[in-house]
Each structure stands twice: as structure tokens, then as C-alpha cells.
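In the working numbering, each residue's number is its place in the sequence shown (first place is 1) plus 926.
Each residue gets a CB set at the ideal place from its N, CA and C atoms; glycine is no exception.
Just so it is clear, the structure is predicted and the values come from calculations on it, not from any experiment.
To start, the structure itself, in C-alpha cells.
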Amino acid sequence: MSEASLPASSAVSLPTFRFSASETIKHVVLILGSLIVLLPFYVMLSYSFKSPAEIMQNTGGFFGTQELFRDDYCIKLGRDAADCMVTPFIYNYTTAFEKAPLVRYLFNGVVVTASIFFIQVLVALPCAYALAKLRFWGREAVFGLVLFCLLIPVHAIALPLYIMLAKLGLTNTYAALVIPWTISVFGIFLMRQFFMTVPDDLIDAARMDGMSEFSIIWNVMLPTAIPALLAFAIFSVVAHWNDYFWPRIVVTGDRSLFTPPLGLREFKGDADGDNFGPMMATATIIVAPLIIAFMIAQRRFIEGITLSGMK
927 MSEASLPASS AVSLPTFRFS ASETIKHVVL ILGSLIVLLP FYVMLSYSFK SPAEIMQNTG
987 GFFGTQELFR DDYCIKLGRD AADCMVTPFI YNYTTAFEKA PLVRYLFNGV VVTASIFFIQ
1047 VLVALPCAYA LAKLRFWGRE AVFGLVLFCL LIPVHAIALP LYIMLAKLGL TNTYAALVIP
1107 WTISVFGIFL MRQFFMTVPD DLIDAARMDG MSEFSIIWNV MLPTAIPALL AFAIFSVVAH
1167 WNDYFWPRIV VTGDRSLFTP PLGLREFKGD ADGDNFGPMM ATATIIVAPL IIAFMIAQRR
1227 FIEGITLSGM K
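Take a look at the structure:
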């Protein structure tokens, strides 16, 4: 059977390409923005593979040549030069764990960020439920205060917070790292926006079944708010895992309380200069859990942002 004899409906229709100048400009801007955002990660990962000489001379490509180089610190310890020849990749990542107690810093980061997020949820859910579903005098004024608090930068209240913690004798403790951030007005606002989308009939049905308001929050509203909670978790965990400012203020000298960002100081500013290779290896180890968590929760994160009206 010839092609001319085939019915028209069986012909394969090819997608049509339509050029759009506005769409092209949008994609170019997005690609340029993505490159700008990804460039520091590219440099960080590449430096974690390279030797000091390759980093200073900006050679070796992305992964470096992985040629053996002499570890000067090993020589200072009195060992033979032949025993001090190391591979850049292995040297950078082993030094990251040997020079600083990085496992301890990661543990501190997990304790602090998990504690902050857990208490933030305990506070934010009842507050958001009250602002979204309960009728009481002054509700709009309270919500206005929540919005006002969103405008106050953290650095503006850092000094009063530090003085308060110092008078209570809580500096250089886990409490100093956690307590100031246990009330998140952003979390209250985000959850309130999500609860506004929950039908009132669902809450009325729960009340008719005899559930109390607190029972409705934890047994009815919480399961429906998982996407919004995941979105809030991303914001909260990233902010406090990467926070350098506040731990640097309230942790003075006690290295056992250092969080991961403070661990980067172990490789900076000594008499021999900055040790960029192990520093970038440490930064890669610190950032990796956040990237993996975001990749896993990416779909739920976008869903939570969309449902809460934050897009």
C-alpha cells in the first residue's frame, strides 16, 4: 500500500513550533539567573576536588588533575616527604573531618534545627487556626501585628535578645541557640493562609462529633496541612542550618556547641593562609543534606506554597 493511499487520520502529526519573543526572553533571563545561582556551588564543589596549587592558579578543570602533592603540615610533624604525598580529593575531605570535629558540628546542627522547627510548629498551628477559623474580638489587630513582625529584621533585635539571655545565664548553651527562634511569625502567617482554604464544614462536622478545638487542630487540621508544613520546614531548616550570625554571637569559645557554619572558621585566617580545599569540602558536606532533602520534598514544597497562596 502506498503512502498516498493511507487515510489522513493515520498520518503522524508533528508538533508545531511557534517562536515567541516574550517567551524566549523569559527563558533567557531564567537561564542566566540559574547560572548566577549555581556558580558558587560549582566553585565550591570544584575547589573541594583540587590541590592548593590548582586552586591558586585556577587550573585542572572541574575535578583537578588529582596528581599527588606534598602536605606541608605532615612535613612539620616530622614525617618523611614520601609519606606526606597525598591525593587532593582524599586530602580535602579527610582534613575536613580531622582538623575540625565536623561530626559534632553536624550533630549540633541537627539538634538545633529540629528543636526550633518542632517548637515553631507547636506554636504556629494553634495561632494560625485561631486567626483563620475562630471569631474573637481583636482578631484582625492580632493578624496585623503578625504582619508587622514580618517586617522586623533579625539583626534589629539581636542585641536585646543577647542581653536577655546573658542575664539569664543561658549563653553558650543549646537554649541560647533555640529559644529566640521558637516563635515564627512567618510560620503563623503561612499556616493561617493555608487554613483559610480548609472548608468550614469540615470543622463544623468535627465539632458536632464532640471534638474540642485543640483536638480539631491536631487530628483534623494537621493532617490536611502536611504540604504547607513541608514548605515551612524547608524555609525554617535552611534558615537555621545555615545561620552563622546568631550562633557566632551566643557561642563564645565553647567549640562543642559550634553549628556547621561555625565549623568553616576552623579553616580560615591562620598564619599559613586560608585552606580553601578542606574549607570547600566542609561546605559541600554541610550543604549536601539540605540539597538532598529539598530534592526529595520539592514536589510537596511547591504544592504547599501553591495551596497557601504564597506563590
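CB-CB length for residue i against residue j, believed under 8 Å
i	j	result
Phe-975	Phe-1015	5 Å
Phe-1033	Val-1012	Rounded, the Cβ-Cβ distance is 27 Å, inconsistent with contact.
Ala-1008	Ile-1001	Wrong, their Cβ atoms sit about 11 Å apart, outside the cutoff.
Ser-1183	Asn-1098	Before going further, note that residue 1183 is Leu rather than Ser in the sequence given. Indeed they touch by this definition, with Cβ atoms about 6 Å apart.
Pro-1072	Ile-1114	According to the sequence shown, residue 1072 is Val rather than Pro. With 8 Å as the limit, Val-1072 and Ile-1114 qualify as a contact, their Cβ atoms being about 6 Å apart.
Residue i at chain C interface by Cβ criterion, 9 Å
i	result
Ile-1211	In the structure shown, chain C cannot be found, because there is only a single protein chain.
Cα-Cα separation, residue i to residue j
i	j	result
Tyr-1088	Glu-1139	36 Å
Arg-1174	Gly-1189	11 Å
Ile-1211	Asp-997	22 Å
Glu-929	His-953	Residue confidence is low: Glu-929 scores 46 on pLDDT, short of 50, so the model does not pin down where it sits. Its coordinate-derived value is still stated next. Near 40 Å, if we compare the C-alpha coordinates of His-953 and Glu-929.
Phe-1220	Ile-962	19 Å
Lys-1237	Glu-993	Unreliable placement is indicated for Lys-1237, whose pLDDT of 49 sits below 50; the coordinate value is still reported in the next sentence. About 49 Å.
Pro-1027	Ala-1223	29 Å
Ala-1157	Leu-965	25 Å
Phe-1069	Arg-1061	12 Å
Ser-972	Lys-1093	45 Å
Leu-956	Ser-946	15 Å
Pro-1079	Met-1137	39 Å
Gln-1119	Asp-1135	26 Å
Gly-1064	Tyr-1055	15 Å
Val-969	Met-1205	12 Å
Ile-951	Phe-1161	30 Å
Asp-1180	Thr-991	39 Å
Phe-967	Thr-985	18 Å
Arg-944	Lys-1025	57 Å
Val-1036	Gly-1095	23 Å
Arg-1225	Val-1213	20 Å
Where the alpha helix (DSSP H) through residue i begins and ends
i	result
Asp-1130	1126-1134
Asn-953	This sequence places His at residue 953; Asn is not what is there. Per DSSP, His-953 belongs to the alpha helix (DSSP H) from 947-973.
Ile-1089	1084-1093
Lys-1059	1028-1059
Asn-1018	1014-1024
Lys-1002	998-1002
Gly-1113	1111-1121
Leu-1103	1100-1104
Cys-1010	Run containing Cys-1010: none; DSSP gives neither H nor E here.
Phe-1074	1065-1076
Ala-1154	1152-1167
Arg-1174	1171-1176
Gln-983	978-983
Glu-1139	1139-1142
Pro-1187	1186-1189
Residue i and residue j closer than 9 Å at C-beta
i	j	result
Gly-1239	Ser-948	Residue 1239 lies beyond the stretch modelled for the chain, which goes from 927 to 1237, so this question has no answer here.
Phe-1121	Ala-1159	no
Met-1117	Cys-1075	no
Gln-1046	Ile-1109	yes
Ala-1058	Val-1124	yes
Thr-1031	Pro-1153	Per the sequence shown, residue 1031 should be read as Tyr rather than Thr. In this structure, Pro-1153 does not lie closer than 9 Å to Tyr-1031 by Cβ.
Phe-1193	Thr-1208	yes
Ser-1141	Ala-1132	yes
Leu-1051	Leu-1148	yes
Val-1176	Leu-1085	no
**OP:** Could you say if the stretch 1021-1029 and the stretch 1165-1179 meet the contact criterion of at least three C-beta pairs nearer than 8 Å?
**Re:** no
Original post:
Okay, do the stretch 1096-1106 and the stretch 1041-1054 touch, 3+ Cβ pairs below 8 Å being the bar?
Top reply: yes
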